[in-house]
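S.K.:
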Amino acid sequence: MTNLKGKVALVTGATRGIGKGIAIGLGEAGATVYITGRTLNSDKSSEFGVRSSEFGDVISDNLSGSLLETEKAVNEAGGNCIAVQVDHSDDEQVRLLFERINKEQNGQLDILVNNVFSGVQAISNASGKPFWKHDPSLWDTINNVGLRSHYVASIFAARLMSERQQGLIFTISSWGGLSYIFGAAYGVGKAACDRLAADMAVELKADNITSISLWPGIVGTEQMLKFFPQINERDDSKSENANFGDYYNWETPLFTGRVIAALAAEKNTIKSTGKVQIIAELAKRYKIVDEKDNRPVSLRSLRFILANAIPALKQYAFLIPDIYIPWFILQLTMVKSPKI
Numbered sequence: 082m083t084n085l086k087g088k089v090a091l092v093t094g095a096t097r098g099i100g101k102g103i104a105i106g107l108g109e110a111g112a113t114v115y116i117t118g119r120t121l122n123s124d125k126s127s128e129f130g131v132r133s134s135e136f137g138d139v140i141s142d143n144l145s146g147s148l149l150e151t152e153k154a155v156n157e158a159g160g161n162c163i164a165v166q167v168d169h170s171d172d173e174q175v176r177l178l179f180e181r182i183n184k185e186q187n188g189q190l191d192i193l194v195n196n197v198f199s200g201v202q203a204i205s206n207a208s209g210k211p212f213w214k215h216d217p218s219l220w221d222t223i224n225n226v227g228l229r230s231h232y233v234a235s236i237f238a239a240r241l242m243s244e245r246q247q248g249l250i251f252t253i254s255s256w257g258g259l260s261y262i263f264g265a266a267y268g269v270g271k272a273a274c275d276r277l278a279a280d281m282a283v284e285l286k287a288d289n290i291t292s293i294s295l296w297p298g299i300v301g302t303e304q305m306l307k308f309f310p311q312i313n314e315r316d317d318s319k320s321e322n323a324n325f326g327d328y329y330n331w332e333t334p335l336f337t338g339r340v341i342a343a344l345a346a347e348k349n350t351i352k353s354t355g356k357v358q359i360i361a362e363l364a365k366r367y368k369i370v371d372e373k374d375n376r377p378v379s380l381r382s383l384r385f386i387l388a389n390a391i392p393a394l395k396q397y398a399f400l401i402p403d404i405y406i407p408w409f410i411l412q413l414t415m416v417k418s419p420k421i
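Right, here's the structure in full:
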């Protein structure tokens, strides 16, 4: 079991989904975990900052999940969780969050996980039409509480971490930064997350602060389980989503959390600063398993690519070597065929 006792972490956007899984993974390792989100408990009256738009930027989306539910799960896993209701579209609320961590932890913040993202419903609502047929506000709905929030949180985290000359900043990104997935606004935003992590690494290295971009695979979050059926119902061809809709090789949110905990326990993380790291590949390195002892493979693994190209092979996928396609070949392939 990874040991993060005595470490202080912050996971943004942890009411459910990947954020909740990350918080639980850090809790399993014994960390003190601050979590943020806009929903304090399952009572909708506890939500604030409600906004609505053409693209579904609405907090009350009928999906389960709250800060208090995540807090309970983290504590039961062995951590010490502190839930803080924060709307990450409000910079002042974010500033006050870090001020609180500074006071309560005597300036200690070891790990920041930039995860908050409010654009999933917007992506679903906008599916099937090219970017120019939507209002420009689609960009903001996808990239404000997301890319911009990561930049803002990293500013305040770096100010604390630099005082102690150590720290880790993880930015949750996506394969959408490499290939077309879910539309132009999404892909550009994820590519920008990767570049943000890389450029922050350059400026943070002198203070011994590591900045890494992380790519989970296909994660079965509450939003994604709702999202794929909606897309397929509206998409006559279904060609871009059929490869993912059978849940083959999907990861759980906890998988990402366990990998982050293992990486955070490394003694010399600065050697990886500025890089994109793939969750499934790190899990293989650290011998980490997902729930029910599954170990999903990387989306650039020959096992995944062949099984998705020839669906009949999925039941025999364990016989296919788990070797990685080189990046330069993968980039050429994915540019030509975004369905992979």
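The sequence shown begins at 82 in my numbering and counts up one residue at a time.
From the three backbone atoms N, C-alpha and C, an ideal C-beta is built for every residue, glycine too.
1. How many Å lie between L387 and S254 at the Cα?
2. Excluding the five sequence neighbours on either side, which residues of its own chain have a C-beta within less than 7 Å of the C-beta of A273, listed in chain order?
3. For L259 and K153, what's the separation of their Cα atoms in angstroms?
4. Is E347 helix, strand or coil when you go by DSSP?
5. With distances taken from CA atoms, which of I359, R245 and A282 is nearest Y232?
6. Please report the distance separating the alpha-carbon of G160 from that of E109.
7. Can you list, in chain order, the residues of its chain whose CB lies under 6 Å from that of F25, leaving out five sequence neighbours each side?
8. Would you mind reading off the limits of the alpha helix (DSSP H) that contains I223?
9. Hey, could you find the ends of the alpha helix (DSSP H) V283 is sitting in?
10. Indicate the three-state DSSP secondary structure (helix, strand or coil) for T252 in the structure shown.
11. So, under 8 Å CB-CB, T302 and L277 are touching, yes? Tell me the CB distance rounded to an integer number of Å.
12. Leaving out five residues on either side along the sequence, give the residues of the same chain with a beta carbon under 6 Å from the beta carbon of K88.
13. For I116, list the residues DSSP reports as bridge partners.
14. For the alpha helix (DSSP H) that L107 lies in, which residues bound it at each end?
15. In the DSSP assignment, find the alpha helix (DSSP H) that holds W391 and state where it starts and stops.
M.R.: Here's the rundown:
1. The residue given as residue 387 occupies position 306 in the sequence shown. The residue given as residue 254 occupies position 173 in the sequence shown. Taking the straight line joining both Cα atoms gives about 24 Å.
2. As a first step, residue 273 is located in the sequence shown; it is residue number 192 there, counting from the start. Answer for A273: L228, listed in chain order.
3. Start at 1 with the first residue of the sequence shown, and residue 259 comes out as number 178. Start at 1 with the first residue of the sequence shown, and residue 153 comes out as number 72. Answer to the nearest angstrom: the Cα atoms are 36 Å apart.
4. By 1-based counting over the sequence shown, the position of residue 347 is 266. It is coil, neither helix nor strand.
5. If you number the sequence shown from 1, residue 232 lands on position 151. Ranking I359, R245 and A282 by Cα distance to Y232 puts A282 first.
6. Position 79 of the sequence shown holds residue 160. Position 28 of the sequence shown holds residue 109. A direct Cα-to-Cα measurement between G160 and E109 gives close to 6 Å.
7. Given a span of 82 to 421 for the chain in the structure shown, any question on residue 25 remains unanswerable.
8. Position 142 of the sequence shown, counted from the start, is the residue given in the question as residue 223. Unbroken alpha helix (DSSP H) run through I223: S218 to N224.
9. Position 202 of the sequence shown, counted from the first residue, corresponds to residue 283. It spans A265 to L285 - the alpha helix (DSSP H) in which V283 sits, taken as one unbroken run.
10. On the sequence shown, residue 252 is found 171 positions in, with the first residue counted as 1. DSSP places T252 in strand when its eight states are reduced to three.
11. Here residue 302 is taken as the residue at index 221 of the sequence shown, counted from 1. Here residue 277 is taken as the residue at index 196 of the sequence shown, counted from 1. Incorrect: roughly 22 Å between the Cβ atoms, too far for contact.
12. To locate residue 88, count along the sequence shown from 1; it is residue 7. The residues are A112 and D191.
13. Within the sequence shown, residue 116 is the residue found at index 35, counting from 1. Assignment of beta-bridge partners to I116 by DSSP yields V92 and A164.
14. Locating residue 107 in the sequence shown gives position 26, counting from the first residue. Note, L107: alpha helix (DSSP H), G98 to E109.
15. Here residue 391 refers to the residue found at position 310 of the sequence shown. It is Ile, not Trp, that sits at residue 391 in the sequence shown. It is not in any alpha helix (DSSP H) - I391 carries neither H nor E in the DSSP assignment.
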